[in-house]
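Same order as they appear, the protein sequences are chains A and B.
Residue numbers 71 to 403, in the working numbering, belong to the letters of the first sequence in order.
Residue numbers 1289 to 1552, in the working numbering, belong to the letters of the second sequence in order.
All C-beta atoms, glycine included, are put in the ideal place defined by N, C-alpha and C.
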Amino acid sequence: MSNKQLKITVRGTGIVGVWQAFVLASKGFSVTLTCNTKEPFKEASSWIAGAMLAPFCETESAEPVIRRLGLSSLPLWQEAFPHISRNGTLVVAQPRDTSELQRFARQTSAHEFIDEAKIGELEPDLAGQFRTALFYPDEAHLQPHWALSYLLQKACEAGVETKFGTSERPDDSDYIIDCRGIAARDELPDLRGVRGEMAIIRTSEISFSRPIRLLHPRFPLYMVPWPDNHFMIGATVIESDDQGPVCVRSGLELLGSAYGLHSAFGEAQIIKLSANVRPSFPDNIPKIIVRNKTLYVNGLYRHGFLTSPALAHLVADYLHEGKTDEGIFVVEH
Amino acid sequence: MVEFYGQKLDSRLLMGTAMYPSPDILQKAVKASKAQIVTVSLRREAARQQSNQQQSGQGFWELIRALDVRVLPNTAGCKSVKEAVTTAQMAREMFETKWIKLEVIANDDTLQPDLFGLVEAAQILSKDGFEVFPYTTEDLGAADRLLEAGCKVLMPWGAPIGSARGLNNPYALETMRNYFPDIPLVVDAGIGAPSHAAKAMEMGYDAVLLNTAIAKAGDPVTMAKAFADAIDAGRAAFKAGVMEPRNMASPSTPVAGTPFFKLD
């Protein structure tokens, strides 16, 4: 059967939906991308994501399947988005928290312990700040807003038709790919929200080439360098569905830890404080749920940017040849 | 069998629910350990979620309820009496239980209990009908005051929260056990390894409460079982009577009557 004959509607313009639309259209399906707001992206939790492609660091607390999906996604990102930075990740801790570094190293792989000199070589602005660090050379990062717009444009070039500002469930499609994130909870009662809060700051006094993770027993933090002297600081992980604004305590923790990482951040400007919830299943592992002619791709938790490309290809494989990946697919009868 | 406020329980392990890789792993860990009490810290966001909830979804709290064990809400991170009392009242409403693990934190670095605030909050909450599990130190004076305030359980620390240092002051913990032979005593906080938990149980403590050592283990489910086994072993050893250390070596096989040394 030719792919052209299959009409697919992808619902949701977070990172999952945009990747699905792009991949399915590139493979020749006739794809319509819809979302319930007039403007795409902004309601999606991926809009405020850290967008680190860190399959190794994430296994500190994630299941091995996340690393597998992440590793297959990395080359897909590189192919689709030229503005990806593949400079690795640096993980640091204050001298009194070096046991955190040991623990992190034990739980993860593909890293090396580096000394003060090498830290200064990699990140000159951190020279002299830390005596030892963990370096993950094979990880990458990107700017999520840029990536979302870029991918949407590529999806449109590949033939995707967009219908924004509609919440209706399409009835003329052969398949619906439901990527609505937490909004799909009306149909996926297992989904829960895990609140995340982040800050964007700007300073030209300091620059990084890669995400820096600062380990701390209470306030672990990561900082991702964005273009134009911007830094994204993330992120809290709170078991709550509350989508309200950032609370003072979280704001203090994020900004305080950034200042702790480098005092130059004390002079940075706060551009934005944002909060949203990550759609998550009880095991915090993404699922592709096949229910009649609807495929729900959801529950990406902290791993939206890391796993979306691989999940898009898994959906394409399913539509092509009915192939299902164990551990990700749930086929309901 | 251990008894807290009239509730008889088989398990002597109380498990915290924070920092697990996922609710699913938490659930498996609770099952593997056969724990019958879990503590849950209440953050304001959660309470807000509860009151705003219009959707049919399954939040973390529903997952906790689904564990089918007793919930001991706590006032983790509260730094004043007022904050702790308010949090306790919210928790009572949310979890429909009179039980509250009372924490009033004095020092931000060590997270050690503010004993003055703790006693005051325990008085207020006990009068209000709560059954209070106070997180305290080994201080006997504070322990007396907590009992006067209406507490029927005491939970002295092993070491600072999350520090994994084990029993920092075994002498004081032993003294406390001897001083309050009939009060249920739980070592709460600072436990890092199953051997720490076993040690507390060998001293005659009634139970052990911990979170980080299981949640942050490489394999939390296996670690939960390891703690449950260590607690069982420590309790059995206490009941069997652990021998006191001696200064002089004493061979288990008598040598006095050995007729001759082995000849090569």
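For residue i, does the three-state DSSP call read helix, strand or coil?
| i | result |
| --- | --- |
| phenylalanine 1418 of chain B | coil |
| arginine 201 of chain A | coil |
| glutamate 209 of chain A | coil |
| leucine 221 of chain A | helix |
| alanine 1437 of chain B | coil |
| glycine 229 of chain A | coil |
| isoleucine 184 of chain A | strand |
| lysine 1319 of chain B | helix |
| phenylalanine 100 of chain A | The residue you asked about is not phenylalanine; residue 100 of chain A is serine in the sequence shown. If DSSP states are grouped into helix, strand and coil, serine 100 of chain A belongs with the strands. |
| glutamine 1341 of chain B | Interpretation of glutamine 1341 of chain B is limited by its pLDDT of 49, a score under 50 that renders its predicted location unreliable; no figure is taken from the coordinates. |
| valine 1392 of chain B | coil |
| glycine 266 of chain A | strand |
| leucine 1302 of chain B | strand |
| proline 349 of chain A | strand |
| arginine 81 of chain A | strand |
| threonine 1327 of chain B | strand |
| proline 1401 of chain B | strand |
| leucine 123 of chain A | strand |
| threonine 394 of chain A | coil |
| valine 88 of chain A | helix |
| proline 194 of chain A | helix |
| methionine 1443 of chain B | strand |
| tyrosine 1308 of chain B | coil |
| tyrosine 1423 of chain B | strand |
Chain B partners of residue i, CB-CB under 9 Å?
| i | result |
| --- | --- |
| arginine 250 of chain A | Neighbours of arginine 250 of chain A on chain B: none; closest Cβ ~13 Å, over 9 Å. |
| proline 368 of chain A | First, the residue type needs correcting, since residue 368 of chain A is asparagine and not proline in the sequence shown. Per Cβ cutoff of 9 Å: no residues; asparagine 368 of chain A is ~12 Å from chain B at best. |
So residue i contacts chain B; which residues on that side make the cut at Cβ distance below 8 Å?
| i | result |
| --- | --- |
| proline 287 of chain A | Gly1450 |
| serine 131 of chain A | Pro1309 |
| glutamine 177 of chain A | Gly1506 |
Please list the partners that residue i has in chain A, where partner means a Cβ-to-Cβ separation under 9 Å.
| i | result |
| --- | --- |
| leucine 1301 of chain B | Near leucine 1301 of chain B there are no residues of chain A at all, since even the closest Cβ is about 22 Å away, more than 9 Å. |
| aspartate 1312 of chain B | Phe351, Pro352, Asp353, Asn354 and Ile355 |
Since residue i is in the alpha helix (DSSP H), which residue starts that stretch and which ends it?
| i | result |
| --- | --- |
| cysteine 249 of chain A | Segment: none, cysteine 249 of chain A is in no alpha helix (DSSP H) and carries neither H nor E. |
| glutamate 1291 of chain B | No alpha helix (DSSP H) holds glutamate 1291 of chain B; the beta strand (DSSP E) holding it covers 1290 to 1292. |
| tryptophan 147 of chain A | 134 to 150 |
| leucine 376 of chain A | 374 to 391 |
Beta strand (DSSP E) containing residue i: first to last residue?
| i | result |
| --- | --- |
| glutamine 164 of chain A | Glutamine 164 of chain A -> no beta strand (DSSP E), and no H or E assigned at all. |
| phenylalanine 399 of chain A | 399 to 401 |
| asparagine 368 of chain A | 364 to 368 |
| isoleucine 1296 of chain B | Checking the sequence shown, residue 1296 of chain B turns out to be lysine, not isoleucine. That run of the beta strand (DSSP E) goes 1295 to 1297. |
| lysine 108 of chain A | From DSSP, lysine 108 of chain A is part of no beta strand (DSSP E); its letter is neither H nor E. |
| lysine 112 of chain A | Element bounds for lysine 112 of chain A: n/a, residue is neither H nor E. |
| arginine 408 of chain A | Given that chain A is displayed from residue 71 to residue 403, the structure contains no residue 408 of chain A and the question cannot be resolved. |
| isoleucine 1449 of chain B | Premise fails: isoleucine 1449 of chain B is in no beta strand (DSSP E) and is neither H nor E. |
| arginine 255 of chain A | Where arginine 255 of chain A is concerned, there is no enclosing beta strand (DSSP E), given that its DSSP letter is neither H nor E. |
| lysine 357 of chain A | 357 to 361 |
Apart from the five residues just before and just after residue i, which ones in its own chain have a Cβ nearer than 8 Å to its Cβ?
| i | result |
| --- | --- |
| proline 1472 of chain B | Val1290, Glu1291, Phe1292, Lys1440, Val1441, Leu1442, Asp1494 and Ala1495 |
| leucine 1297 of chain B | Met1289, Val1290, Glu1291, Gln1324, Ile1325 and Arg1358 |
| glycine 321 of chain A | Glu267, Ala269 and Leu343 |
| threonine 1463 of chain B | Glu1426 and Leu1428 |
| histidine 215 of chain A | Phe111 and Trp117 |
| aspartate 311 of chain A | Ile252, Arg262, Gly263, Arg265 and Val347 |
| methionine 1303 of chain B | Ala1317, Val1318, Ser1321, Ala1323, Ile1325, Val1326, Thr1327, Leu1497, Leu1498, Asn1499, Ile1502 and Ala1512 |
Report all residues from its chain with a CB closer than 6 Å to the CB of residue i; omit the five preceding and five following residues, and keep chain order.
| i | result |
| --- | --- |
| leucine 76 of chain A | Phe99 and Asp244 |
| isoleucine 308 of chain A | Arg265 |
| phenylalanine 335 of chain A | Ala328 and Tyr329 |
| valine 316 of chain A | Glu267, Leu343 and Ala345 |
| phenylalanine 278 of chain A | Glu193 and Pro295 |
| arginine 283 of chain A | Val161 and Tyr292 |
| leucine 221 of chain A | Val88 and Phe92 |
Using a C-beta to C-beta distance shorter than 7 Å, which residues of chain A count as neighbours of residue i?
| i | result |
| --- | --- |
| phenylalanine 1348 of chain B | Arg262 and Glu309 |
Looking only at its chain, what residues have a beta carbon closer than 7 Å to the beta carbon of residue i, apart from the 5 residues adjacent to it on each side?
| i | result |
| --- | --- |
| alanine 386 of chain A | Val93, Leu94 and Lys97 |
| alanine 1505 of chain B | Met1511 |
| valine 1509 of chain B | Ile1313, Lys1316, Ala1317 and Ala1320 |
| lysine 233 of chain A | Thr102 and Thr104 |
Taking C-beta pairs closer than 8 Å, name the residues in chain A that residue i reaches, listed in chain order.
| i | result |
| --- | --- |
| leucine 1351 of chain B | Arg262 and Pro352 |
| glycine 1480 of chain B | Per Cβ cutoff of 8 Å: no residues; glycine 1480 of chain B is ~10 Å from chain A at best. |
Should residue i be listed as close to the ligand COA, given that the test is whether its C-beta is under 7 Å from any heavy atom?
| i | result |
| --- | --- |
| leucine 1428 of chain B | This structure simply doesn't include the ligand COA, nor any ligand for that matter. |
Those runs of the beta strand (DSSP E) which lie wholly inside the stretch 271 to 346 of chain A and span at least 3 residues: 282 to 285, 291 to 296 and 300 to 304
Alpha helix (DSSP H) runs contained entirely in the stretch 1344 to 1374 of chain B, provided each spans 4 or more residues: 1348 to 1353
Those runs of the beta strand (DSSP E) which lie wholly inside the stretch 1468 to 1544 of chain B and span at least 3 residues: 1474 to 1476 and 1495 to 1498
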